[in-house]
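Peer 1: Counted from 1, the sequence shown has number 107 at position 108 by numbering that gives the first Met the number 0; the numbering is strictly sequential. For glycine and all other residues, C-beta sits at the position ideal for the given N, C-alpha and C.
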Amino acid sequence: MLTRLTRPRALALCALPVLALFGAAAFAPLPFSVAQPGQTTDVLGEDRGKPVITISGAPTRTTTGELRMVTILATGPEADVRLSDVVDSWFRTDRAVMPRDSVYPAGDNSEEANKHNLAEMKESQDAATAAALSFVGDSASKAKVTLNLADVGGPSAGLLFTLGIIDKLDGDGAGGDLTGGKSIAGTGTITDSGEVGAVGGVALKTQAAARDGAHVFLVPKAECADATSELPAGMRLIPVSTLKDAVASLTALEKGSGKIPSC
0 MLTRLTRPRA LALCALPVLA LFGAAAFAPL PFSVAQPGQT TDVLGEDRGK PVITISGAPT
60 RTTTGELRMV TILATGPEAD VRLSDVVDSW FRTDRAVMPR DSVYPAGDNS EEANKHNLAE
120 MKESQDAATA AALSFVGDSA SKAKVTLNLA DVGGPSAGLL FTLGIIDKLD GDGAGGDLTG
180 GKSIAGTGTI TDSGEVGAVG GVALKTQAAA RDGAHVFLVP KAECADATSE LPAGMRLIPV
240 STLKDAVASL TALEKGSGKI PSC
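1. In this structure, does DSSP put G185 in helix, strand or coil?
2. For F216, does the three-state DSSP call read helix, strand or coil?
3. Counting along the chain, where does the beta strand (DSSP E) carrying K143 start and finish?
4. Spatial neighbours of D191 within its chain, please: CB distance less than 7 Å, with the 5 preceding and 5 following residues excluded, ordered by chain position.
5. Put K121 into one of helix, strand or coil per three-state DSSP.
6. Tell me whether L252 sits in a helix, a strand or coil according to DSSP, three-state version.
7. Should V86 go down as buried or exposed, given a rule of 16 or more other Cβ atoms within 10 Å for buried?
8. Could you check which residue in S109, A139, A142, N147 has the C-alpha nearest to that of Q124?
9. From the DSSP output, read off the bridge partner residues of T241.
10. Note the first and the last residue of the continuous alpha helix (DSSP H) segment covering G157.
11. State buried or exposed for P256, treating a residue as buried only when at least 16 other CB atoms are found within 10 Å of its CB.
12. Which same chain residues end up closer than 7 Å to V201 when comparing Cβ atoms and leaving out the 5 residues on each side of it in sequence?
13. Go ahead and label K204 buried or exposed: buried means 16 or more other beta carbons lie within 10 angstroms of its beta carbon, across all protein chains shown.
14. Determine whether the beta carbon atoms of A112 and D46 lie at a separation below 7 Å.
15. List the residues that DSSP assigns as beta-bridge partners of S32.
16. Am I right that T39 and A247 are in contact with their C-beta atoms under 8 Å? What's the rounded C-beta distance?
17. Per DSSP, what are the beta-bridge partners of R67 in this structure?
18. Using three-state DSSP, classify V201 as helix, strand or coil.
19. Report the CB separation of D176 from T63 in whole angstroms; it is logged as a contact under 8 Å.
20. Measuring straight from C-alpha to C-alpha, what distance separates F21 and V102?
21. Spatial neighbours of F26 within its chain, please: CB distance less than 7 Å, with the 5 preceding and 5 following residues excluded, ordered by chain position.
22. With DSSP run on the structure shown, which of helix, strand or coil describes V102?
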């Protein structure tokens, strides 16, 4: 014998599995990482008492101003990120939710992730050195560059390392500083030939830069839209595609003349 259910009762019974699913999702770990603005470091200065950039074998110059590389701080590959964390982050401008695989493509444990990030940092430093020495030319042909930055991995400091080496060796090429005495921040990968690449997390990085006193931010041109999405008040964005673009824009900014691109 069949019993006919009333419509409200049928809807209530159908809703139970859905509610159970949502309840389980609220407590189950999700494949995401939550990121926030991280540390910034002046590559023209020191990190933990040691110069970030050390150059031997060629004359160097005393610099003014700052060139700040920026980072994001993300939950680790083994961290449990739950639905409540994701929902909370969606309503905050200083948080971002990213697929865990995009943050940690090398594996799902901290040891593998750290190894991968340090390898990428080493490759980035080598490319930054090669790009900078090529840009400066013959006067730096015998220069040896050592880069020191503790507890930071990945390739996103490449552009700033390159600019820091150039500033210490040659400045703006006419006796002045690339920074013009200002605090300049930025992000971007670099190749040996001076091509600047995208990095991700730029909206969080501009917030870190503003927090630490920068008012100018060099951003890979392909990420202009992301950089403007949560741009702090008073922050000037300068898009770059190549090392040549970056140096030309900084020189124009320092001299107060010439065309400077914007996002």
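Peer 2: Put simply:
1. The answer is strand: DSSP assigns G185 an E or B state.
2. Strand.
3. It spans 143-146 - the beta strand (DSSP E) in which K143 sits, taken as one unbroken run.
4. Closer than 7 Å at the Cβ level, and outside the excluded window around D191, lie A126, A129, A130.
5. Looking at K121 - three-state DSSP - the assignment turns out to be helix.
6. Three-state DSSP puts L252 in a helix.
7. Flag for V86 reads exposed.
8. Taking the Cα of Q124 as reference, the smallest distance to any Cα among S109, A139, A142, N147 is reached at N147.
9. According to DSSP, T241 bridges with E194.
10. Looking at the DSSP string, the run of the alpha helix (DSSP H) that includes G157 is 157-168.
11. Note on identity: in this sequence residue 256 is Ser, with Pro being the wrong assignment. With fewer than 16 other Cβ atoms within 10 Å, it is exposed.
12. Once the five neighbours on either side are set aside, the close Cβ partners of V201 are T186, V218, E222, D225, A226.
13. Label assigned to K204: buried.
14. No; because the gap between Cβ atoms is not below 7 Å, this pair is not in contact.
15. Note: S32 sits in a beta bridge opposite M97.
16. Their Cβ separation, rounded to whole angstroms, is 24 Å, which puts T39 and A247 out of contact at 8 Å.
17. R67 pairs with D41, A184.
18. The answer is helix: DSSP assigns V201 an H, G or I state.
19. Contact flag correct, Cβ pair sits at about 5 Å.
20. Low per-residue confidence applies at F21: pLDDT is 41, beneath 50, and the placement is therefore not dependable, though the value from the model is reported in the following sentence. Here the alpha carbon of F21 sits roughly 26 Å from the alpha carbon of V102.
21. With a pLDDT of 49 at F26, under the threshold of 50, the predicted position of this residue should be treated as unreliable, though the coordinate-derived value follows. Correct list, in chain order: R81.
22. DSSP, read as helix, strand or coil, puts V102 in helix.
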